[in-house]
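First the structure, in the form of structure tokens, and then the observations on it.
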Amino acid sequence: MTTEHLNPDTWAVANRALVRKALAEFIHERILEPVATGNGYQLSGGTSQYTFTAKLYPLNHWEVDAASIERFVDGQAAPVDALDFITEFHQQLGIGAEMLPVYLEEISSTLASASYKLSKPDLTASDLVAADFQTIEAAMTEGHPCFVANNGRLGFGATDYRAFAPETGKPCG
């Protein structure tokens, strides 16, 4: 298995998408509470500050605009990074110091999986209508809609990933 999917471009897109999901889910669950600003929302964690726009729906569902997310550290623009986001907010999220490394490993695996999926061509609805189960399973990109670290796969090495991760489309056995 190659690691060509782990390049700066797909990694940045995967990080932005995962931070968007984390914001939407953790705010929906009322774990994080952003402050409304004149043109969006702001969320502070330690020396970091996030700004973003979002649509708020009934039942506190948030549709965060991924492209609008900006991160500042000590007032300076900084890359949007899911590992940094979890580290910055781990106390508010209830992730203790002893579990933080494990959760960061799960976030890393989720980012690698997202990068892999981003590197593959999208299938059309017509392609999927006649596709077999593995092709359909491999075409799914989001994972569980509410779990942020939804592709943790702790203990998987590159060989295990290639053989067993649903997004690779490999038959088991």
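Following my numbering from start to finish, the sequence shown increments by one per residue and tops out at 207.
Heads up, the beta-carbon is just placed ideally off N, CA and C, and yes, glycines get one too.
Practice task
Counting only the same chain and skipping the five closest in sequence on each side, list residues whose C-beta sits under 6 angstroms from that of A191.
Solution key: Numbered from 1 along the sequence shown, position 157 holds the residue referred to as residue 191. The question names Ala, but residue 191 in the sequence shown is Gly. Same-chain partners within the cutoff: there are none.
Handout entry: Complete runs of the beta strand (DSSP E) confined to the segment 108-193 [at least 3 residues]
Key = With a minimum length of 3 residues, the unbroken runs of beta strand (DSSP E) contained wholly in the segment 108-193 fall at 110-112.
Problem - the segment 138-150 in contact with the segment 113-124 per 3-pair CB rule at 8 angstroms - result: yes
Practice task
Could you tell me whether the segment 97-110 touches the segment 36-56, where touching means 3 or more Cβ pairs closer than 8 angstroms?
Solution key: Touching, per the Cβ criterion.
Problem - Own chain partners of E122 with C-beta closer than 6 angstroms, once the 5 adjacent residues on each side are dropped - result: The count along the sequence shown starts at 1 and reaches residue 122 at position 88. So the list reads G79, G80 and S82, once near-sequence residues are dropped.
Problem - Exposure label - S160; buried when at least 16 CB within 10 Å - result: To locate residue 160, count along the sequence shown from 1; it is residue 126. It is exposed - the Cβ of S160 has fewer than 16 other Cβ atoms within 10 Å.
Exercise for the section: Go to T44, then tell me how far its alpha helix (DSSP H) extends in each direction, as first and last residue. Expected result: Your numbering for residue 44 matches position 10 in the sequence shown. First-last of the alpha helix (DSSP H) with T44: P42 to H62.
Exercise for the section: Please determine, among P205, A48, E38 and F60, the residue with the shortest C-alpha to C-alpha distance to I129. Expected result: As a first step, residue 129 is located in the sequence shown; it is residue number 95 there, counting from the start. Nearest of P205, A48, E38 and F60 to I129, Cα basis: F60.
Exercise for the section: Kindly indicate if chain C contains any beta-carbon less than 9 angstroms away from that of D108. Expected result: Of the protein chains in the structure, only one exists, and it is not chain C.
Practice task
Check each candidate in P92, T85, A131 and I120 and name the one with the smallest Cα separation from G109.
Solution key: Within the sequence shown, numbered from 1, the residue matching residue 109 stands at position 75. For the residues P92, T85, A131 and I120, the minimum Cα distance to G109 belongs to T85.
Problem - Other residues of its chain near L134: CB distance less than 6 angstroms, five sequence neighbours each side excluded - result: Within the sequence shown, the letter at position 100 stands for residue 134. So the list reads H124, once near-sequence residues are dropped.
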